[in-house]
Amino acid sequence: MLQVHRIPAFTDNYFWLIQPDTQSSDCYIVDPGAAQPVCDYLDAHKLQLKGILITHHHPDHIGGVSELRGLFQIPIYGPKSAKIPQVTHYLKEGDYLELGRLSAKVIEIPGHTLDHIAYLIEEPKDAPLLLSGDTIFAAGCGRLFDGTAPLLYAAFQKISQLPDATQIYAAHEYTLANIEFALTIEPDNHDLSERKIRETAKREQGLATLPTSLILEKRTNPFLRCHLNSVRGSVEQKIGKQLTEDGEIFASLRLIKDRF
Ligand SMILES: [Zn+2]
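In terms of the working numbering, the sequence shown opens at residue 60 and continues consecutively.
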């Protein structure tokens, strides 16, 4: 059976550790921003690291890569990017990566950065796992660094096409702050206010709010709801002008969030 382990690091990062089969100690780490928390976890759980998966070049996602490679001599999978020279196996849209008995499909989702990719593990098929880095968060979305709003909007459209039951493993615990912002956009969204209560309770117990599911994001994440009048009306009111395209709503929403 597949198991995904969560390794908390820094103030709000999660490094996701994929163990394709609990009968085996083999595992793969996604976006290790530091080596020590990974090594400690492997030791404590008697797991063997077989590879590193990278979503994008930010230091809190690749900071531990060189040290882990030095310790374990394992392949490093990631996008072809001048900013990630450590990658040994380049991946692009549509590639499949073998992770023991599993395979992960590569999806290019630039926007947060130009080199951003995600990994989709299609098991089970109707409820796959998405390792999405810093693109989509619970109730929110990544900031724009070297990518653009139209690219990030297209990435969100791509993600929204996945099965509703998709489990989204984002790389940061930003959920409560994102919900606060989302409520300023959709104060009457009952799914959102109910979610705030549930997620707040989880955090008070020291639990993670991730993974999230695509269906829950469709109900509560304003960045996936730019086609709805509730989000459009709120964005237009905040910026004081009317917009035509959903992509423009998305871009304005991102700007409003930057200033929140
Ligand atoms: Zn990032």
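Glycine included, C-beta positions come from ideal geometry on N, C-alpha and C.
In this text the structure is predicted, and so the values were computed from the model without any measurement.
Take residue i as the anchor and find which of the options has the nearest alpha-carbon.
i: Y73; options: S311, I274, K164, I227; result: I227
i: A267; options: Y233, A93, D305; result: Y233
i: C86; options: W75, P96, G92, A94; result: W75
i: L275; options: N288, Q264, E263, S252; result: S252
i: I88; options: T81, D80, L101; result: L101
i: P270; options: Q220, G299, A198; result: A198
i: L287; options: P96, D71, L312; result: L312
i: L179; options: L211, L156, Q296, P118; result: L156
i: E167; options: D119, L190, A141; result: L190
i: H258; options: D247, I244, A236, K277; result: The sequence given here has Glu at residue 258, not His. Comparing Cα-Cα distances from E258 to each of D247, I244, A236, K277, the minimum goes to A236.
i: D223; options: S272, A94, E307; result: S272
i: L108; options: E181, D99, E307; result: D99
i: T70; options: M60, G92, C285; result: G92
i: H117; options: F319, T194, P209, Q78; result: T194
i: L158; options: I315, L283, L61; result: L61
i: A94; options: D80, E126, F240, F131; result: E126
i: I176; options: P183, E182, L210; result: L210
i: H148; options: G129, I113, A103; result: I113
i: E239; options: Q264, L221, F319; result: F319
i: L242; options: R278, I66, E263; result: R278
Since residue i contacts residue j with CB under 8 angstroms, what's their CB separation in whole angstroms?
i: P138; j: L150; result: 6 angstroms
i: I143; j: D174; result: 7 angstroms
i: H231; j: L203; result: Not quite, the Cβ-Cβ distance comes to about 16 angstroms (not below 8 angstroms), so this is no contact.
i: H120; j: G201; result: Contact flag wrong, Cβ pair sits at about 11 angstroms.
i: P79; j: L161; result: 4 angstroms
i: Y212; j: G306; result: 5 angstroms
For residue i, count neighbouring C-beta atoms within 10 Å of its own C-beta (all shown protein chains included) and say buried if the count is 16 or more, exposed if not.
i: P281; result: buried
i: A310; result: buried
i: G206; result: buried
i: F215; result: buried
i: S83; result: exposed
i: E304; result: exposed
i: I218; result: buried
i: D185; result: exposed
i: P246; result: exposed
i: F196; result: buried
i: G123; result: buried
i: G110; result: buried
i: R291; result: buried
i: T81; result: exposed
i: A141; result: exposed
i: I256; result: exposed
i: H115; result: buried
i: D90; result: buried
i: R284; result: buried
i: T225; result: buried
i: P187; result: buried
_Quick check on the contact list: which residues have their beta carbon closer than 5 angstroms to a heavy atom of ligand 1?_
H117, D193
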